[in-house]
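Q:
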Amino acid sequence: MKARIDAWLWSVRVYKTRSEATAACRAGHIRVNGDPVKPAYAIRPGDNVRIRRHGFDRHLQVVKPLVKRVSAQVAATAYIDHTPERVKPAIPAVPVRPRGSGRPTKKERRQMDQLRASWVPSVENIEDLDLS
1 MKARIDAWLW SVRVYKTRSE ATAACRAGHI RVNGDPVKPA YAIRPGDNVR
51 IRRHGFDRHL QVVKPLVKRV SAQVAATAYI DHTPERVKPA IPAVPVRPRG
101 SGRPTKKERR QMDQLRASWV PSVENIEDLD LS
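In full-length UniProt numbering, the protein residues as written are 1 to 132.
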């Protein structure tokens, strides 16, 4: 049994609309077995699908190709999720000044600047940030 990749992504509730899934395929955010695919690509059971969404990858293995949208319980049985656990980056705590204490002194400003400089966001840290 085969199904279009955009219809399958919509039917297993990865994307809210089929047009979103189609746009993701056209933008190159969907890869099947390591290759970028067009929205009409026919998936089969056993295919590995990598979805780039919200700054991280989801790795799904197709168990059952679906064409129509189904309930969340049935959709969960249509794939095996091999997505690695996301690690939240350690963000240093921002020092809190008592309210009404006025502007920071020069010494306090230097300490705040030193704290901010100690944690320079890298590409890996930015991708792992949960901005929602």
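All C-beta atoms in this analysis are idealised placements derived from N, C-alpha and C, irrespective of residue type, glycine included.
Report the residue from Leu9, Met112, Ile80 and Lys2 whose alpha carbon sits nearest the alpha carbon of Arg53.
A: Within the sequence shown, the letter at position 53 stands for residue 53. Of Leu9, Met112, Ile80 and Lys2, the residue nearest in Cα terms is Leu9.
Q: Using 8 Å as the cut-off, can you tell me whether the segment 96-109 makes contact with the segment 32-43, which would need three or more C-beta pairs spanning the two stretches below that distance?
A: Segments in contact, no.
Q: If you reduce the DSSP assignment to three classes, tell me which class Val74 lands in.
A: The residue you call residue 74 lines up with position 74 of the sequence shown. In this structure, Val74 counts as helix in the three-state DSSP scheme.
Q: Who are the Cβ neighbours of Arg58 in its own chain at under 6 Å, not counting the five residues just before and after it?
A: One-based indexing of the sequence shown puts residue 58 at position 58. Counting only Cβ-Cβ distances below 6 Å, and skipping sequence neighbours, we find Ile51 and Thr83.
Q: Among Tyr79, Ala23 and Val74, which has the Cα closest to the Cα of Arg44?
A: For the purposes of this step, residue 44 is taken as residue 44 along the sequence shown, with counting starting at 1. It is Tyr79 whose Cα lies nearest to the Cα of Arg44.
Q: Determine the burial state of Val87: buried for a count of at least 16 other Cβ atoms within 10 Å of its Cβ, exposed for fewer.
A: Residue mapping note: residue 87 aligns to position 87 of the sequence shown, counting from 1. With fewer than 16 other Cβ atoms within 10 Å, it is exposed.
Q: Return the CA-CA distance between Arg13 and Ser71, expressed in angstroms with no decimal places.
A: Locating residue 13 in the sequence shown gives position 13, where the first residue counts as 1. Locating residue 71 in the sequence shown gives position 71, where the first residue counts as 1. If you take the alpha carbons of Arg13 and Ser71, they lie about 9 Å apart.
Q: Given a threshold of 16 other Cβ atoms within 10 Å of its Cβ, counted over all protein chains shown, does Pro104 qualify as buried or as exposed?
A: On the sequence shown, residue 104 is found 104 positions in, with the first residue counted as 1. Its Cβ having fewer than 16 others within 10 Å, Pro104 is exposed.
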